[in-house]
Structures are given as structure tokens and as C-alpha cells.
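The sequence shown maps to residues -15 to 519 in my numbering.
Glycine included, every Cβ here is placed at the ideal spot set by N, Cα and C.
So the structure is just underneath, and the comments pick up after that.
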Amino acid sequence: MNDVVEEGESMVTIEDVGRALSAFRALELPLFGRKEAAVLVPLMEGPEGPSLLLTRRSADLGQHAGEISFAGGRVQASDADAFAAAAREAEEEMGLPRGACELLGTLDDTVTVTGYRVRPFVVRVTDPSALGRLQRREEVEQILTVPLVRFLAPGGSYTVDVSGGALRQRFPLYAVDGNIVWGATARILQNLADVVLGRLPSSDLDAAGRKLIPLLMGARRVILTTHLDPDPDGLGAEMAVEEMLLALGKQVIVANNDGIPVQYDYIRFRSPAYFGAQVTPALAEGADLLLVLDTAEAKRLGRSAVLLAPMEGRVAVLDHHLHGNIEGAAVLVDRSYSSASQIVYLLLSRMGFPLTKRAVDGLYAGIQYDTHGFRFVFDRSEPFKIAGHLVDLGADTCGLQEQLFARVSRGHVKVMEIALARARYEFDGRWAWSYITQAELDSFGGTSEDAGEIAPFFCSVDGVQVATFAKEIAGGRFKISFRSKAAWPVGHICSRLGGGGHANAGGATVDGPIERVIEVLRSEIGTVVSQAGVP
């Protein structure tokens, strides 16, 4: 029989499945203390084309009673490898001899909330007549033969989010002859369908993860870095990734242009950390990977940019801003995510990392900070869902709220006093601006951190749509902070001035004197105002 399945106008054969699997590089995941398991995904010829062999678990089992699953189980010390374990379990549960199976390929590892890492092996049943009687009736109640075509619809009929311990997972639901297939089995089925139909990578994040995860697992020493004037998002992402790498037994180095601002003293790295002049090309010696977080622009790394050249070809980037120019072995620059911490959360979830308390607090604070208390989430629910899971895992919501939004230095109060006294409103009150000079900062021992978060205050003033605050830095230049209301994007202005950021929050550096800076801003912002917030 020529085993074919019709889906629309396309025809899928078992040979097609084999070719697709041969070209597919399955994603292997670390155990993170989980038990190792394997399942067999058998395909055989059927009246409707290729069919899958599934089992219905016994209703008397303590776990997974009555559920639909693939034959498989825990890898034992006596098993030669994971495939041998899957084949042994299939023979015991279904009476399917290993000699009647031809290995077609391997699918992505998947982790379960019950503490297993499962590796699926797809096989072709070359001799269906060898399928014998059930060997474990106490485990397997029924063998189901289901046409493959039933699982080729994208994502199943529905998707479900499930949280279990430190894991939050999403999987499809499939209806099969009155049975609901869900959990790890449903994810394996979806993965098989995606491979067969060429739907992978499923997203830019998936593409980056498929490159980055093997790099992280294969590295011995990893350098983490983030942008100038680090904020809770970049720092929190670093801390969470550090936790994961240490759990894998990796050596970690943190190398940032600036130290940790005093108001964010909940950030504590467990690995050697280097700041400012301590960051030299020598740190790259013996390092296998440089992971850049929360920026994709070399100029935003400051001193840490000296690591790019010696680490060429061994750089990875995870960022959510508008633009980037750092090239690497794995790069994700996607503005649709609320924060770098959201990206890192999704990456660590894909890896199956059981989030530690430090990772939980770092990621929660990063998402909360970069969304300005969940005000800027791009009309998407995912940041709230992630935050909810982090709260369930013990995020210090009250303490972090105070750290992020209810704690300022006395130097900041002095900067605010100067900024308020100097504040001006133009374009019928829609643009608010102010500035501070280096001499004024020096007069009371103020720091760069003291002059942060001034623009958001002015943007909150009634009638103001765009706010800018200029802070003088070395060489008579001014660092400009931009904030705007949702309908008044300023990200393109930041980019045009050589800076970057988001649609409604960003920064740039402009040559002084201050009179020139204000004229440049007036010209740029006047364009936004005249177009009623449309760039």
C-alpha cells in the first residue's frame, strides 16, 4: 500500500516524514535534576494513510489514569541509551518488538510538570503483524490507531496554560474519538506536525532559542553584559540567566559598563562581576559565549563593547528595542516583547529551568520596571500572565514595588528641584522640557543615577504628550531622556539622533551647548506635535 495522507491539496507520506526528520535538528534540553524518560512515536500504514499508535492508560493507575499517551517510560541504568529505553517500554506495553521498528528521527525534548525530561523517537513499524498482545494490561488499557492527518491542523483545536511548581507550560488539545489528548503527548504531536509541515521555527524567538540553547549548554564559560546605565530589566535578565547557567555548572562572568545603582541593591550576582575600567579584552580569554541582554547596539555597551571583537562568532543577543547592529551566532531583536526579562523568562521556560527565588525576583522586577508598572504592555496579556506565575513562585511584589517606584535618593530630590524650577512647556503645553548641567550636579555631589527618571514625571503632567530631560555629560554633550504618551511616538526621533529605545521611551546624546540641544529637540518634537502624534 502507498501510505499517503491528504491535507488540502498536499500529500504526506511516511517517506516525507522521514525526510523531514532527517533534515530536522531536534532541540535537546538539560535535565535540571529531572528524571530522564523516552517515548516511542510509532507510524504505520493504515487505510487513511500513515497512522500513529497511541495508548490509553489504565483507569486504575495512580498517575495519568485514562490518559492518551505514547508508549515509553523512564530510562533505566540497564538501557544502552534513551532510544533503547523507549523501544523496551514499547515492547513491554504494546508488544511492539524493536526489530519491527525503523528509526526515522528524533523530536524536540519536552519537560513535564511531574519532573521528567522526555525524548521522543519517531519510528516506522515495518512489520505490523509483529504487534503482539499487550504485555502490561495493568498500565495500558487500549492501543489506538489514529491517522496522522488528524494532528496536522495548526496547534490543535484549543490551547491550555498549565502551571506546576516552577513551570508554566502551554500546549494544544486534540480530540481523538471522544478522548482529549493534552500535556506532553499533545506537545509531541504538535512538534511532529510542525516538523512534517515545515512550520519550524515557529517564531523569531523559537529560531533564536534553537540556536542559543545549544550554545549555552555547550559553553564552559559565559560572559553576560547589558547596556550603559543598567536598569532593573537588563540587570534582572542577567541575574536570571546567571542562575540558570550556575545550575548547569557553567562559569559566569558579568561585565557591565556601569555598576549596580544603589536603589537596585536587591540585585546581587553570585559570579565575578566587572564594571567600567575593569572590563578589558582579557576577560574574553577562555570564554565560549558573550550574551548581550537588553540592547543590540554596540555603542550602548560602553566599555563592554571591547569584548565584541575578541568574542566574534561567539556572541548572542536578546533584546526588545527598535534597532540593533550587533551580529552574532544567535540574535533576537523583537520590539513586540515588553522587556528583555520577558524574553529571558520564555527562554528559561523553554529550557525547563526551575526558576529560583533570585531569578523570580529579577524577572518580575524587570518586567514591572520596563512596562512602567504594567502600563505599557502593547495591549498583550502575556506580561500579566508571566507576572502572575512569578507571583505564584514567590516574587517579592511589595518589596520590589518599593525598590522600583517608591525609593529615590536625596540627590534625585535636588535634581528634581532644579528641573522643576527650570521646566518649560511649549506647543500649547504638549511638550515639557528641562535640563541640568554637570556643574549643577557637582555642586551637591550628584551622580548620573540621581538625574534619572525625570522625564517620566513631566510626561505625567496634565496636557503633556512628550517630555524630555537633558543631562550634561563629559565633553559638553547632553544625554536626552524621552518619554511620551501612547499616541505620540518618539522612538524614531531617538534613532535619528543616534540613540534608540522604544516607541514611547528612549534616549539619545546631542552635542551642546544646551541652547543648541533645545533647538534640535524643538525642531524634532515640533514635527511630532504638528502631525498630531503620527510620525
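- Annotation for ASP426: no beta strand (DSSP E) segment contains it, though the alpha helix (DSSP H) segment containing it runs 422 to 427.
- Between ALA439 and PHE453, the C-beta spacing is below 8 angstroms.
- Taking a cut-off of 8 angstroms for Cβ pairs, the segment 313 to 322 and the segment 178 to 186 do not touch, as fewer than three such pairs fall below it.
- Between the alpha carbons of PRO265 and LEU347 lies a distance of about 29 angstroms.
- One Cα belongs to TYR409, the other to ALA282, and the distance between them is close to 34 angstroms.
- When secondary structure is reduced to three states using DSSP, ASN175 falls in the helix class.
- For a cut-off of 8 angstroms, the C-beta gap from HIS307 to GLY484 is around 6 angstroms, short enough to register as a contact.
- Scanning its chain for C-beta atoms nearer than 7 angstroms, with the 5 sequence neighbours on each side dropped, one finds around PHE16 the residues ALA231, GLY336, PHE337, PRO338, in chain order.
- If you look at LEU5, you'll find it in the alpha helix (DSSP H) that goes -2 to 6.
- In this structure, the straight-line span from the alpha carbon of LEU219 to that of GLN247 is close to 12 angstroms.
- Between PRO294 and ALA268 a beta carbon distance of about 4 angstroms is seen, short of the 8 angstroms cut, so the two are scored as contacting.
- Within 10 angstroms of the beta-carbon of CYS478 lie 16 or more other beta-carbons, which makes it buried.
- Here PHE389 carries a helix assignment [DSSP, helix/strand/coil].
- Look at THR96 here: in three-state DSSP terms it is coil, with no helix or strand label.
- Contact between VAL130 and LEU36 holds, since their C-beta atoms are separated by about 5 angstroms, short of 8 angstroms.
- Using a Cβ-Cβ distance cut-off of 8 angstroms, the segment 87 to 99 and the segment 146 to 154 are in contact, since at least three pairs of beta carbons, one from each stretch, lie closer than that value.
- About 6 angstroms separates the beta carbon of GLY260 from that of ARG287, a gap short enough to meet the 8 angstroms contact definition.
- For the 8 angstroms CB-CB criterion, PHE442 and SER418 form a contact.
- In the structure shown, PHE155 falls within a strand segment according to DSSP collapsed to helix, strand and coil.
- In this structure, the beta-carbon distance from VAL1 to VAL290 does not fall below 8 angstroms.
- Within the segment 284 to 360, the runs of beta strand (DSSP E) at least 3 residues long that lie entirely inside it are, in chain order, 299 to 303, 314 to 317.
- Runs of the alpha helix (DSSP H) lying entirely within the segment 197 to 254 and spanning at least 4 residues, in chain order: 216 to 231.
- Using a C-beta cut-off of 8 angstroms, the segment 233 to 240 makes contact with the segment 202 to 215, since at least three inter-stretch Cβ pairs fall below that distance.
- Taken through DSSP and simplified to helix, strand or coil, ASP188 comes out as helix.
- Contact between LEU388 and ALA349 holds, with the beta-carbon distance rounding to 6 angstroms and staying under 8 angstroms.
- With contacts defined as CB atoms closer than 8 angstroms, ALA224 and ALA343 qualify as a contacting pair.
- A residue is called buried when at least 16 other Cβ atoms come within 10 angstroms of its Cβ; GLU122 does not meet this threshold and is exposed.
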